[in-house]
Every structure is written in C-alpha cells, then in structure tokens.
Amino acid sequence: REFAASYLEPLGITSMLDTPVLVAGKPAGVLCLEHVGAGRRWTPAEQSFAVSVANLVSLMLSWRAQAQS
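Note that the working numbering has the sequence shown beginning at 7, numbered continuously upward.
Below you can see the structure in the form of structure tokens.
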C-alpha cells in the first residue's frame, strides 16, 4: 500500500504477484510480476511459474556467490 500513490496508480498497475528470491535461506530480493489493466487474480499456473523463476534466480545467485568465494 505504501507504493500505491507514488508507483502503482501512476503506472496503472492493478495486480501484483511477488515471490521471494532466497540465497542460503535468506532474502536476496523479490521477483515481482505486475499487471496493468482491470484487476485480476493470478492463476495457480502463473503462481507456480513465478515460484519456479524465483527458484532459478536463487540458484544462479547461489552459484555466483560460490564462484566468487
């Protein structure tokens, strides 16, 4: 809600699907899908897709961290 007036409303974003990106079990970011237009509910398939992508990003960030150490 804190972003509604300054971000969501000016861009016309009516629906969001946020999924945490974790590295070593700790938050490293958020994968955020945004929808512009009439409000909507995210389908189970879309939710599963978002979690899968967030997990892939988490894996790549973990691999990068290991390579740098």
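Beta carbons are placed, not taken as given, at the ideal position from N, Cα and C, and that holds for glycine.
- Pairing S75 with P26, the inter-Cα distance amounts to about 24 Å.
- Closest in alpha carbon position to L62, among A34, P50, R46 and G45, is A34.
- If you compare the alpha carbons of T20, L65, L14 and K32 with that of G43, the shortest gap goes to T20.
- Here A60 is actually not in contact with L39; their C-beta atoms are around 10 Å apart, not less than 8 Å.
- The DSSP-derived three-state label of S12 is helix.
- Contact between A30 and S58 is ruled out by a C-beta separation of about 19 Å, above the 8 Å threshold.
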